[in-house]
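Heads up, the thing below is written out as structure tokens.
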């Protein structure tokens, strides 16, 4: 697509959990728990509150269409603040310090006072019905000219377990929200900016790592379309594809709009109860429905079934809206007969509604109340189809397509938090905030100072093992040995099913120091790590003692005389092969000797002993 001609504009919001000791508005630890560890649960209904002007946010009003009872799992690491049964504590100063550090790295201007606001959220992810958020800094800039508009400090939402059940362990973890201007004009540019901001965040060394700790929301629009916010893009590699598919969706919706206008399409306002038409149906869904309602869309035939994104049609959009009323989905005549509905039933349906060939009929099956709500939602979305692209908040699906979540929120969503005092940012404190070295700069330094190749240096700099690598180098371990052990060796062992995570950083550091001291060969590192991962933790033993015990079991020390004796025997047993190959036999014989020694001796020592023995034999 010609994105410039289409007028593509995109911006991103990046949400990153901070690696603080305690949560944002209480003293609970920022640790995640398994649901099997829960100590209790409670239920709650949520309703939207009015803004200061007496308005209810349109997105919150949409969530209130159904009365939903939410269930929350509690743990011994959460308190009454997460339950919304106790006022919040003052804002966590550690979290604010990290946020100001990030703001300074992005060239932003801090606000004079940090005021906490309430953002209405009644989808169940907050027990209070709102999320606390605070503006910290404004007006930053990125390489290439893209602008950062704001950085906010807010509390993380509860983790959805399934359906309307949430886990409170994540609720309240400090989170930064970084919002850019809509200054990106291609999918690749969006991915590039997201990658850069992610690198800045990791450069602090004070953000959480791992799946779910960082999420990107992407705002996309084209010239004749509308702004759409796509929530929860976690995979950086999918960002460009998400933007491409959203542009494709908006282009196809505009094409459908033009076709509908050319046909003079309209939505029949009369909803018809057709439950009796399907009294003897073979459709398992329609058979058990108490109420089946039908809506005639005049001039929509062939367009409801038109694809607008991979595996998504206009009918999918109708279905998304209907699902907000608690129904499983919809049927429409662009895809019928199918799903147990016969051609005869479709003919009777068209006759009942007086539908012409150019008309499409949508049917919804559920209880009376839900079916009525759902058919009204379909009607609303069908009217939008004649207008073009609606402003929406959408969720990402597998592969990069999206589905409707709710309308875009408005100004009524935010109102002041009266339980948290403002925090003044002292100009002297702002001046004292130190900016850490960027990971890209650190990778370049590793090339210069340690002689690592560029690829390995970048892997180390961006790895979660960076702090341990720097500790190892400071302790005298060769940078290349430390890097390859922490990245390649540990990753390969993990792929083979070895639980390397059970080996502590102190133990890995002790092992690398033992190799440098000559107490173990580097070839034995995989076996020693495997042994350490197997052995139960013994609190009475220091890391060095555990490592020494593993070395003695896996690769006990071998004297120089023993090495030479093994080399002489191996060469003598293969004398014919050795004389035939000459010095070229060094490689194959090296493998035989190292296998016998099981990594007890450094490969360089073995190689030198073999070379001397071959020269003696061949002289």
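Numbering (my numbering), first residue to last: 7 to 625. Yeah, the Cβ is synthetic: ideal placement off N, Cα and C, and Gly gets one too.
- Annotation for residue 37: 83, 175 place their beta carbon closer than 8 Å to its own, counting only its chain and skipping 5 residues before and after.
- Distances from the alpha-carbon of residue 250 to those of 208, 196, 495, 229 put 196 closest.
- Note that the stretch 446 to 465 does not touch the stretch 222 to 242; fewer than 3 beta-carbon pairs, one per stretch, sit closer than 8 Å.
- Residue 589 is classed as exposed because its beta carbon has fewer than 16 other beta carbons within 10 Å across all chains shown.
- When DSSP assignments are scanned along the stretch 224 to 269, the uninterrupted stretches of beta strand (DSSP E) that are 3 or more residues long and fall wholly within it turn out to be 234 to 239.
- Within the same chain, and ignoring the five residues on either side of residue 283 in sequence, the residues whose Cβ sits closer than 8 Å to its Cβ are 298, 351, 354, 355, 358.
- A straight line joining the alpha-carbon of residue 108 with that of residue 208 spans about 10 Å.
- Residue range 15 to 23 is occupied by the beta strand (DSSP E) that includes residue 16.
- When Cβ pairs closer than 8 Å are counted between the two stretches, the stretch 327 to 343 is seen not to touch the stretch 260 to 273, the count staying below three.
- The shortest C-alpha to C-alpha distance from residue 414 to any of 274, 523, 407, 397 is the one to 397.
- CA-to-CA, the gap between residue 621 and residue 508 works out to about 46 Å.
- Counted as a single uninterrupted DSSP element, the beta strand (DSSP E) harbouring residue 181 occupies residues 180 to 186.
- Taking the C-beta atoms as reference points, residue 365 is found no nearer than 8 Å to residue 300.
- Annotation: the continuous beta strand (DSSP E) that includes residue 160 extends over 153 to 161.
- By the 16-neighbour rule on beta-carbons within 10 angstroms, residue 290 is exposed.
- A Cβ-Cβ contact shorter than 8 Å links residue 534 with residue 557.
- DSSP places residue 392 inside the alpha helix (DSSP H), whose first and last residues are 374 to 393.
- Using a Cβ distance threshold of 8 Å, residue 234 and residue 327 do not count as a contacting pair.
- Nearest to residue 276 by alpha-carbon distance, out of 260, 215, 368, is 368.
- Residue pairing of residue 368 in beta bridges, as defined by DSSP: 301, 338.
- Spatial neighbours of residue 139 in its own chain (CB-CB distance under 6 Å, excluding positions within 5 residues in sequence) are listed in chain order as 123, 125, 158, 160.
- Counting only the Cα atoms, residue 241 lies some 29 Å from residue 88.
- Counting along the chain, residue 197 sits inside the alpha helix (DSSP H) bounded by residues 193 to 209.
- In the three-state DSSP reduction, residue 47 falls in the strand class (E or B).
- Boundaries of the alpha helix (DSSP H) harbouring residue 324: 320 to 329, taken from the DSSP string.
- Annotation: the continuous beta strand (DSSP E) that includes residue 123 extends over 122 to 126.
- A direct Cα-to-Cα measurement between residue 449 and residue 471 gives close to 14 Å.
- About 6 Å separates the beta carbons of residue 143 and residue 115, which is inside the 8 Å limit, making them a contact pair.
- A distance below 8 Å separates the beta carbons of residue 274 and residue 304.
- Straight across, the Cα-Cα distance linking residue 189 with residue 92 is about 42 Å.
- Residue 51 sits exposed, since fewer than 16 C-beta atoms from the chains shown fall within 10 Å of its C-beta.
- In this structure, the alpha-carbon of residue 183 lies about 49 Å from that of residue 525.
- Around the Cβ of residue 40, a 10 Å sphere holds fewer than 16 other Cβ atoms; the residue is exposed.
- Between the alpha carbons of residue 574 and residue 594 lies a gap of roughly 15 Å.
- Excluding five sequence positions before and after residue 205, the CB atoms of its chain that fall closer than 8 Å to its own CB belong to 444, 445, 446, 468, given in chain order.
- Our two residues, residue 193 and residue 245, have alpha carbons roughly 7 Å apart in a direct line.
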